[in-house]
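Reading through the structure tokens given below for one structure.
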Amino acid sequence: MSTDKYDVAIIGAGPAGLMLSTLLSRWGHRVFQIDKTPTPTPRGKADGLNPRTLEVLENMGLLDAVWRNKPAKNSEPSHWEFVPANGALTRVGAAMSVPFKGVDTKYTFYAGLHQGYIERIFIDEMTKYGTKVLRPWEVVDFAVDKEADIAYPVEVSVRKVVEDGQSSETKTIRARYLFGGDGARSFVRQRLGYQMRYRDPTEYAWAVMDGIVKTDFPDIKLGSTIVSPEGSILIIPREAGLTRLYTQLKTSPDKSVHDADAEWRSVTPEQVQATAARILAPFTVKWETVDWYSAYLIGHGVSERYDGCGQRVFIGGDATHTHSPKVGQGMNTSFMDSLNLVWKLHLVINKFADHSVLKTYEEERLPVGQRLIDFDERYSKRFSRGDKDIMVNGENEETMLKILTRAIGFVFGYGVEYTANLFNTTRHPLAVTSSRLIPGHIFPTACVTRIVDMSVVQLEQEIPMNGAWRLYIFVGDAQVTPSLRDFCAFLDQPDSFYGHWRYAPDQKPRETTLPDSHFFSVATVFSGSKVEVLKATDAGGLPALLRRHQVLIFADDRPEERKWVPDAKDALVHAKFGIPGEGAVALVRPDGYVGIVLNLANGMATGEALEKYFSAFSAKSE
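Each number in my numbering corresponds to the 1-based position in the sequence shown with 3 added.
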């Protein structure tokens with residue numbers, strides 16, 4: 004009997020697993036996915052989408068489905084403290100917990116939406132491409148044996164979960180790669196032999212409760228942090244009139260961590276509600292309904308590794324990082340783990356890139372997990388200790404605002420940067436040093452006019468999440484320049500890094516932004532008014548490559564209007580991005596991160612520089 008074979012086997016159907024399977028399925032890969040739970044998350048768990056995740060979901064075409072669920076939009080949270088001079092809780096500031104000033108983002112809010120709704124959005128999408136989650140099934144074992152099958156070296160054994168814990172229904176499949184997105188108690192991580200590196204055990208216990216509340220607290224719909232002598236509370240507005248309260252539980256100070264663990268596990272919802280009422284006094288709060296409840300000790304840990312078995316097995320999401328849920332980082336970071344990995348798998352499976360590039364998943368994402376734990380440890384300890392001074396690594400952290408403001412780019416998802424490697428580089432004589440287009444950083448937001456229909460659009464959203472490299476040509480002129488012609492001529496050569504991957508005669512484009520190959524989309528931004536650019540592109544002198552990408556031709560005639568964008572108010576895109584007068588080409592990775600930025604003074608030289616860039620990891624197929 005033959006064994007079913009898949010490109011990727013995915014254990015777990017939480018945020019990390021679903022992001023990976025949805026994009027792999029869209030891009031034509033065969034995916035096997037299981038989850039040990041019988042249904043998507045019915046209640047509780049994560050509930051916040053940060054601005055970067057919203058941007059990614061928009062790029063995937065899934066954001067409208069999020070809006071249909073009517074999430075709460077949390078943009079102006081308030082901060083309350085007990086002020087001795089007043090003898091009462093006092094609002095000491097608004098917009099203090101999430102100060103978005105200085106972050107270049109289209110979305111200036113968190114979207115509060117139950118994880119189960121978000122999971123179903125992904126499940127509905129991947130089902131369109133023939134991928135389904137097998138439930139309730141669990142992994143029994145896996146092994147990598149290249150001698151048994153060099154193309155599909157990972158053997159995965161799974162079984163159906165039944166109520167009595169026993170099952171005779173089993174299945175064995177083979178895959179090119181295995182991904183473990185199976186949570187904090189990850190079987191895949193444990194089978195690899197990797198430990199979670201935990202920080203010192205915390206003495207702080209918290210409860211989280213979702214429900215309909217009745218209260219005279221004035222900022223219940225804003226989202227708020229409250230710090231009082233009785234403890235601390237974080238309020239998160241949710242969809243459908245729900246409110247989530249994170250409530251600090253008081254544990255006996257002389258108890259061991261083990262005993263404290265037993266103490267908070269015995270706490271009832273009624274005790275949590277009574278604690279919340281004491282913290283919020285003199286305001287009153289009562290629960291009309293309780294939708295979900297849980298209690299936990301804060302634990303901060305990160306896996307020692309993110310890949311194994313020669314980059315045939317990977318882990319991500321909660322399998323790699325555990326922390327408090329208070330700043331909405333878990334689900335968002337999990338999505339970005341998978342986004343970092345998925346395009347690399349896509350390119351390797353399609354033989355565009357060498358297998359060795361998969362090492363960069365751990366190289367790029369493990370430091371993000373460590374940084375997340377560092378931040379969360381600082382923030383959650385400060386929150387739990389209220390107005391007490393707290394020392395972390397010898398540093399006095401005066402306020403939660405100070406901690407959060409320093410890390411706000413990271414919290415919003417835009418401050419996650421990757422260090423130099425074969426994908427992110429400035430090591431070329433033609434490399435442009437820009438204050439805004441930086442290799443290893445997210446490609447910034449930009450407003451332009453799309454020439455084909457004269458619509459005002461966001462440049463970063465015009466190329467969808469299609470698994471392709473994004474070539475942004477900033478012409479530096481309203482006309483077709485000689486260097487632009489030369490650059491396009493270089494790309495159109497059959498043996499160039501671009502021309503080599505052109506569709507075969509019997510292949511058809513998957514979408515309009517991929518007219519030439521599965522691996523490249525080309526957007527061109529002319530520096531001039533839409534009328535000037537229309538004339539220049541209508542004169543018959545447009546290079547053939549750009550004519551094929553006509554839906555991706557833009558005029559840079561829309562100044563930056565968002566006052567909070569640093570050093571960019573009223574600037575056009577060329578100025579905002581620091582593009583030199585002769586123009587530049589920005590190569591952006593399929594996950595939206597800048598790879599390299601090159602001067603366009605000499606089009607042929609720019610093309611040769613990109614040829615060298617790709618030669619480091621992309622072997623032209625035989």
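All residues carry an ideal CB built from backbone N, CA and C; glycine is no exception.
In this text the structure is predicted, and so the values were computed from the model without any measurement.
- Counting only runs that start and end inside the region 173-217, the beta strand (DSSP E) elements of at least 3 residues fall at 173-183 and 199-201.
- For H349, the secondary structure class from DSSP, reduced to helix, strand or coil, is helix.
- Three or more beta-carbon pairs separated by less than 8 Å link the region 291-301 to the region 201-221, which places the two stretches in contact.
- With a beta-carbon spacing of about 6 Å, N427 and G598 fall inside the 8 Å limit used to define contacts.
- Proximity to P432 across F125, N602 and A284 peaks at N602, based on C-alpha coordinates.
- Taking the C-beta atoms as reference points, L245 is found no nearer than 8 Å to D219.
- Close CB contacts of I223 within its chain, under the 8 Å cut and outside five residues either way in sequence, are with V216, I238, P240 and T246 (chain order).
- For a cut-off of 8 Å, the C-beta gap from M129 to T278 is around 41 Å, too long to register as a contact.
- Taking C-alpha positions only, P74 is separated from G544 by approximately 48 Å.
- Rounded to the nearest angstrom, the gap between the Cα atoms of Y132 and P54 is 27 Å.
- Residue pairing by DSSP places F529 opposite A558 in a beta bridge.
- Residue ranges of uninterrupted beta strand (DSSP E) with 3 or more members, entirely inside the region 259-303 and ordered along the chain, are 288-300.
- For K253, there is no enclosing alpha helix (DSSP H), as DSSP marks it with neither H nor E.
- According to DSSP, residue pairing for R94 in a beta bridge involves W83.
- The beta carbon of W140 sits closer than 6 Å to those of I37, V161 and K163, all from its chain and outside the five residues before and after it, given in chain order.
- The bridge partners DSSP lists for T228 are H82 and L237.
- The alpha carbon of S78 has as its nearest neighbour, out of L52, W290 and D495, the alpha carbon of L52.
- If you look at W30, you'll find it isn't in any beta strand (DSSP E); DSSP assigns it neither H nor E.
- Straight through space, the alpha carbons of R46 and M334 are spaced by roughly 15 Å.
- From the listed residues R138, E614 and L92, the smallest Cα separation to T44 is found for R138.
- Contact check for I445 against V588 fails: the beta carbons are separated by 8 Å or more.
- Membership of R550 in the alpha helix (DSSP H) is indicated by the continuous run A547 to R551.
- A distance below 8 Å separates the beta carbons of N62 and P467.
- The beta carbons of V576 and V435 sit no closer together than 8 Å.
- The beta carbon of V316 sits closer than 6 Å to those of L181, all from its chain and outside the five residues before and after it, given in chain order.
- A distance below 6 Å between beta-carbons, with the five flanking residues on each side excluded, links W504 to the following residues of its chain, in chain order: S520 and F522.
- In this structure, the beta-carbon distance from V455 to Q553 falls below 8 Å.
- 8 Å or more divides the Cβ of F338 from the Cβ of V69.
- As the crow flies, the alpha-carbon of R179 is around 15 Å from that of S28.
- Checking the DSSP bridge columns, you'll see H324 partnered with V305.
- Under the three-state reduction of DSSP output, K163 falls in the strand class.
- Listed in chain order, the beta strand (DSSP E) runs fully inside the region 126-158 are 140-147, counting runs of at least 3 residues.
- Q332 is the residue among Q332, V275, T42 and E273 whose C-alpha sits nearest the C-alpha of G412.
- Pairwise C-beta distances place the region 272-292 out of contact with the region 356-363, as fewer than three of them are shorter than 8 Å.
- The alpha carbon of H326 has as its nearest neighbour, out of S437, H349, M199 and K253, the alpha carbon of M199.
- Rounded to the nearest angstrom, the Cβ distance from G186 to A322 is 6 Å, consistent with a contact under 8 Å.
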